Amino acid sequence: MDALYDCPRVVAIGGPTATGKTALSVALARQFNGEVINADSMQVYRGLSVGTAKATEEERAGVCHHLLDFLNPEEPYSVAEFVEMAAGLIPQITGRGHLPLVVGGTGLYITSLLHGIAFAPQRSDPELREELQQEAEEQGAQALYERLRQIDPEYAAKVHPNNLPRVIRALEVFRLTGRKMSEEQRQSRPETPPYRSLCLCLTYRDRAELYRRIDLRVDKMLEQGILGEAETVWLHKAEYRTAAQAIGYKEFFPYFEGTQSLAACTAALKQATRRYAKRQLTWFRHQNDARWLYVDEEDAFGRAAELIQDFLQN
Numbered sequence: 016m017d018a019l020y021d022c023p024r025v026v027a028i029g030g031p032t033a034t035g036k037t038a039l040s041v042a043l044a045r046q047f048n049g050e051v052i053n054a055d056s057m058q059v060y061r062g063l064s065v066g067t068a069k070a071t072e073e074e075r076a077g078v079c080h081h082l083l084d085f086l087n088p089e090e091p092y093s094v095a096e097f098v099e100m101a102a103g104l105i106p107q108i109t110g111r112g113h114l115p116l117v118v119g120g121t122g123l124y125i126t127s128l129l130h131g132i133a134f135a136p137q138r139s140d141p142e143l144r145e146e147l148q149q150e151a152e153e154q155g156a157q158a159l160y161e162r163l164r165q166i167d168p169e170y171a172a173k174v175h176p177n178n179l180p181r182v183i184r185a186l187e188v189f190r191l192t193g194r195k196m197s198e199e200q201r202q203s204r205p206e207t208p209p210y211r212s213l214c215l216c217l218t219y220r221d222r223a224e225l226y227r228r229i230d231l232r233v234d235k236m237l238e239q240g241i242l243g244e245a246e247t248v249w250l251h252k253a254e255y256r257t258a259a260q261a262i263g264y265k266e267f268f269p270y271f272e273g274t275q276s277l278a279a280c281t282a283a284l285k286q287a288t289r290r291y292a293k294r295q296l297t298w299f300r301h302q303n304d305a306r307w308l309y310v311d312e313e314d315a316f317g318r319a320a321e322l323i324q325d326f327l328q329n
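Mapping of the sequence shown onto the working numbering: position 89 corresponds to residue 104, and the numbering continues sequentially without gaps.
Have a look at this one:
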């Protein structure tokens with residue numbers, strides 16, 4: 016226990032999309048002399064700002080942000096890379112006397128970092144990955160997911176069937192090493208976490224209000240030019256593989272192909288985002304130490320500030 020109290024203190028802010036994580040994190044950073052570490056798997060990419068709801072310079076309000084807007088869209092990015100880079104940033108931030116704020120909706124990134132998951136170098140086979148990708152295109156993502164469920168039901172239960180990169184990676188690891196991804200994860204978690212952490216999660220008590228906010232966000236994205244970004248991804252989908260699978264872009268591909276109307280694609284994006292928000296809620300609710308803030312019922316900033324103040328003093 017003494018070792019835990021010597022660990023750096025880290026505040027994480029998670030929760031589903033369209034709940035105000037960006038605005039809250041900037042306000043808290045200004046209040047507590049903090050720096051933000053981006054924990055959104057898509058906001059790392061340059062040029063993909065509207066569809067990923069990336070904070071603008073004005074919204075960042077002079078607060079230092081890390082791991083944001085630094086990769087080209089054709090470059091891969093993984094939870095292992097995030098954990099390695101974020102873990103390197105935290106001592107630098109605390110060394111400046113600042114508070115690290117890990118902010119984003121990619122729950123796997125946040126919990127892997129806070130729990131100190133160690134990602135050992137794993138073998139990779141681009142030809143095997145290409146083969147699995149081809150099978151997904153020919154047979155459908157569900158066929159690969161069913162294969163994963165037969166091999167490793169424990170890990171499959173944690174992965175959405177449409178999360179093709181994670182399904183393919185788990186099948187790749189099993190084919191190359193004979194080891195299940197669930198076994199890899201169990202062995203990678205240390206007994207003592209590397210940080211003293213406070214995880215705040217934003218949501219709406221009224222689910223209908225959350226969905227209304229999501230719909231409004233999509234409408235605003237259209238006004239801000241998401242179609243231009245989506246067309247760029249569509250034109251480069253062979254190179255921009257991660258972005259081509261991301262919610263916010265692939266829903267517009269039928270529009271560019273001339274097979275669906277813009278209205279139908281917009282409705283599909285709203286539905287896909289609502290489903291994603293449900294998955295985000297499920298993930299964060301499985302984190303037993305998360306403190307929930309209901310933005311439609313309370314002053315989220317005031318409550319968050321109280322919790323952080325108590326966390327830093329005790």
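Each residue gets a CB set at the ideal place from its N, CA and C atoms; glycine is no exception.
Quantities reported herein were computed from a predicted structural model and do not represent experimental measurements.
Counting C-beta neighbours from all protein chains within 10 Å, is the total for residue 69 16 or more, i.e. buried, or is it exposed? buried
Measuring alpha carbon to alpha carbon, tell me which of 124, 236 and 119 ends up nearest residue 285. 236
Count the other CB atoms, across all protein chains shown, that sit within 10 Å of the CB of residue 53; report buried if there are 16 or more and exposed otherwise. Classification of residue 53: buried, given that the 10 Å Cβ count is 16 or more.
I'd like the span of the alpha helix (DSSP H) that includes residue 254, first residue to last. Careful: residue 254 lies outside any alpha helix (DSSP H) and carries neither H nor E.
For residue 19, is the classification buried or exposed, using 16 other Cβ atoms within 10 angstroms of its Cβ as the cut-off for buried? Note on residue 19: pLDDT 47, under 50, position unreliable in the model; no value is reported.
Does DSSP put residue 42 in a helix, in a strand, or in coil? helix
Determine the DSSP secondary structure at residue 301, reduced to helix, strand or coil. coil
Taking residue 232 as part of the beta strand (DSSP E), name the residues at either end of that continuous run. Membership of residue 232 in any beta strand (DSSP E) is not indicated; the residue belongs instead to the alpha helix (DSSP H) covering 222-239.
Please report the straight-line C-alpha distance between residue 270 and residue 249, rounded to a whole angstrom. Rounded to the nearest angstrom, the two C-alpha atoms are 10 Å apart.
DSSP has residue 307 in a bridge; who is on the other side? DSSP lists 216 as partners of residue 307.
Does the region 211-221 touch the region 172-188, meaning 3 or more C-beta pairs lie closer than 8 Å? no
Of all the options 119, 187, 129 and 75, which has the alpha carbon lying nearest to the alpha carbon of residue 141? 187
Kindly identify the DSSP beta-bridge partner or partners of residue 123. Bridge partners of residue 123: none, in fact.
Would you list the residues sitting across from residue 10 in a DSSP beta bridge? With the chain covering 16 to 329 only, the question about residue 10 has no answer from this structure.
Hey, could you find the ends of the alpha helix (DSSP H) residue 24 is sitting in? It is not in any alpha helix (DSSP H) - residue 24 instead sits in the beta strand (DSSP E) that spans 24-29.
Can you tell me where the alpha helix (DSSP H) holding residue 149 begins and where it ends? 141-154
Where the alpha helix (DSSP H) through residue 106 begins and ends: 94-110
Nearest candidate by alpha-carbon position, reference residue 318, set 296, 282 and 217: The option with the nearest alpha carbon to residue 318 is 217.
In terms of alpha-carbon separation, which member of 277, 221 and 80 lies closest to residue 246? 277
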